[in-house]
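Visitor: Supplied in structure tokens, the structure appears directly below.
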Amino acid sequence: MKNPIGNLNKVFDSRIRMGVMSILLMNEEVSFNDLKQLLELTDGNLASHLINLEENAFIKVHKGFIGRKTNTTYSITKSGEKAFKDHLEGLENIIRGVNKS
Amino acid sequence: MAAQGNTQSSAEQSLETLQDIKRIMERSSRFISLSGLSGVSAGICALVGAYFAHSMIYRYQHYAGTESLSPEMFSAEGRNVFEWHMIGLAIAVLVAALLTSTLFTWRKASKNQLPIWDHASKKLAINMAIPLAAGGVFVIGLLDHGGWNYVAPACLVFYGLALVNASKYTLTDIRYLGLLEIALGCFCMYFPHEGLYFWTGGFGILHIIYGLIMWWKYERK
């Protein structure tokens, strides 16, 4: 029998990384500050998770300016979208598996 | 037994995670704090404004001694006092409607401890503003070319388009309110002298009915 948890992606175990992916799946481009506000996090905490997602090539970073202030925005990559959707499917399968038995 | 308990809890966990994801997705893409009472208050402002406009038009007609409002009455050089009064009244109604509706939505947001100015409400504001700004410029153009008769239908159609556009970023119900406003505006094109009644119906009565439905659906305890 296949291990149902095998389909889950370790990267999305963290609620924060999962939250970031959920937001980026629904919105084309979201700024650092909006992510911070939506997930109710501190700067440092959010930044480390974003670096992790970026290293996995699940998100893209765009550095820009509004006037003199830096405005960093994030968007989801194709592979990020696929990985997160597979992860969601994995979660769904676990629930389905229980309902069947 | 133990294995059974294990899958049970991992399923529960998965369900919880999925619900979390759904909540975050919704919160990040839709502004859900829009209050039904905002619609009601905007509708009341519109009704009060329409009442004043009606009595102003009535007085003006008697003063001018004519039976009906013909476009020629307004096409004198520049704008006359009556026209400025109507424009002032329209701006006052707009400001009052915006202020009261923002107040009720702000109240709902703070009750649910949600920010009123966040990613979702910014997107809502921008997408609503695009058709509204186009409509505003269009209506100013109508006034400049003596097209007073078509101000009410233009307001209704552009406002309806703004609602349809905005419905992607807030409660989906306002899509149908938008469609009703558009239909009313199109219909009004063929009754140019009854513009004020259509305007009152669209901005006053429809807002109040819709606001009450939304309040009943989402906020009633």
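If you read the sequences in order, they're chains U and D. Quick note: the first sequence uses this note's numbering, first residue 280, plus one each step. Quick note: the second sequence uses this note's numbering, first residue 333, plus one each step. Heads up, the beta-carbon is just placed ideally off N, CA and C, and yes, glycines get one too.
1) Which of helix, strand or coil does DSSP assign to Tyr390 (chain U)?
2) Following the continuous alpha helix (DSSP H) through Gly346 (chain U), name the residue where it begins and the one where it ends.
3) Rounded to whole angstroms, what's the CA-CA distance from Ser342 (chain D) to Pro463 (chain D)? Just pull it up for me.
4) Quick check on this structure: which residue in D:Leu509, D:Cys487, D:Ala484, D:Thr532 has the alpha carbon closest to the alpha carbon of Val496 (chain D)?
5) Do we get a CB-CB distance below 7 Å when we pair Ser360 (chain D) with the residues of chain U?
6) Short of 9 Å Cβ to Cβ, which residues in the stretch 346–358 of chain U face chain D?
7) For Lys315 (chain U), I'd like the list of residues in its chain whose CB is within less than 6 Å of its CB, leaving aside the five on either flank, ordered along the chain.
8) Quick check on the burial criterion: 16 or more other C-beta atoms within 10 angstroms. Buried or exposed for Arg375 (chain U)?
9) Check each residue of the stretch 421–445 of chain D: if its Cβ is closer than 8 Å to any Cβ of chain U, include it; give the result in chain order.
10) Does the stretch 526–541 of chain D come within contact of the stretch 355–365 of chain D, defined as at least 3 CB pairs closer than 8 Å?
11) Strictly under 7 Å for the Cβ-Cβ distance: is Thr502 (chain D) near chain U by that measure?
12) Comparing alpha-carbon positions, which option in U:Phe363, U:Asn350, U:Ile373 lies nearest Gly298 (chain U)?
13) What does the Cβ neighbour count give for His328 (chain U), buried or exposed, with the cut at 16 atoms within 10 Å?
14) Quick check on DSSP: helix, strand or coil for Ser365 (chain D)?
15) Less than 7 Å between the C-beta atoms of Ala374 (chain D) and Ser433 (chain D), yes or no?
Guide: Let's see:
1) Past the boundaries of the shown model lies residue 390 (chain U); chain U is included only from 280 to 380, so the question cannot be answered.
2) Residue mapping note: residue 346 (chain U) aligns to position 67 of the first sequence, counting from 1. Here Gly346 (chain U) belongs to no alpha helix (DSSP H), and DSSP marks it neither H nor E.
3) Within the second sequence, numbered from 1, the residue matching residue 342 (chain D) stands at position 10. Within the second sequence, numbered from 1, the residue matching residue 463 (chain D) stands at position 131. Cα to Cα, Ser342 (chain D) sits roughly 48 Å from Pro463 (chain D).
4) As a position in the second sequence, residue 496 (chain D) is number 164, starting the count at 1. If we check each option's Cα against that of Val496 (chain D), D:Leu509 comes out closest.
5) On the second sequence, position 28 is the one that residue 360 (chain D) refers to. Interface residue, yes.
6) Among the residues of the stretch 346–358 of chain U, none has a Cβ less than 9 Å away from any Cβ of chain D.
7) Working through the first sequence from its first residue, we reach residue 315 (chain U) at position 36. Result list for Lys315 (chain U): Leu325, in chain order.
8) Taking the first sequence and counting its residues from 1, one reaches residue 375 (chain U) at position 96. It is exposed - the Cβ of Arg375 (chain U) has fewer than 16 other Cβ atoms within 10 Å.
9) Near chain U, meaning a CB-to-CB distance below 8 Å, no residue of the stretch 421–445 of chain D qualifies.
10) No, the stretch 526–541 of chain D does not touch the stretch 355–365 of chain D.
11) Taking the second sequence and counting its residues from 1, the one referred to as residue 502 (chain D) is at position 170. Closer than 7 Å: no.
12) On the first sequence, position 19 is the one that residue 298 (chain U) refers to. The option with the nearest alpha carbon to Gly298 (chain U) is U:Phe363.
13) To locate residue 328 (chain U), count along the first sequence from 1; it is residue 49. Its Cβ being crowded by 16 or more others within 10 Å, His328 (chain U) is buried.
14) Position 33 of the second sequence, counted from the start, is the residue given in the question as residue 365 (chain D). DSSP places Ser365 (chain D) in the coil class of the three-state scheme, outside both helix and strand.
15) Position 42 of the second sequence, counting from 1, holds the residue named residue 374 (chain D). Position 101 of the second sequence, counting from 1, holds the residue named residue 433 (chain D). Cβ atoms of Ala374 (chain D) and Ser433 (chain D): closer than 7 Å.
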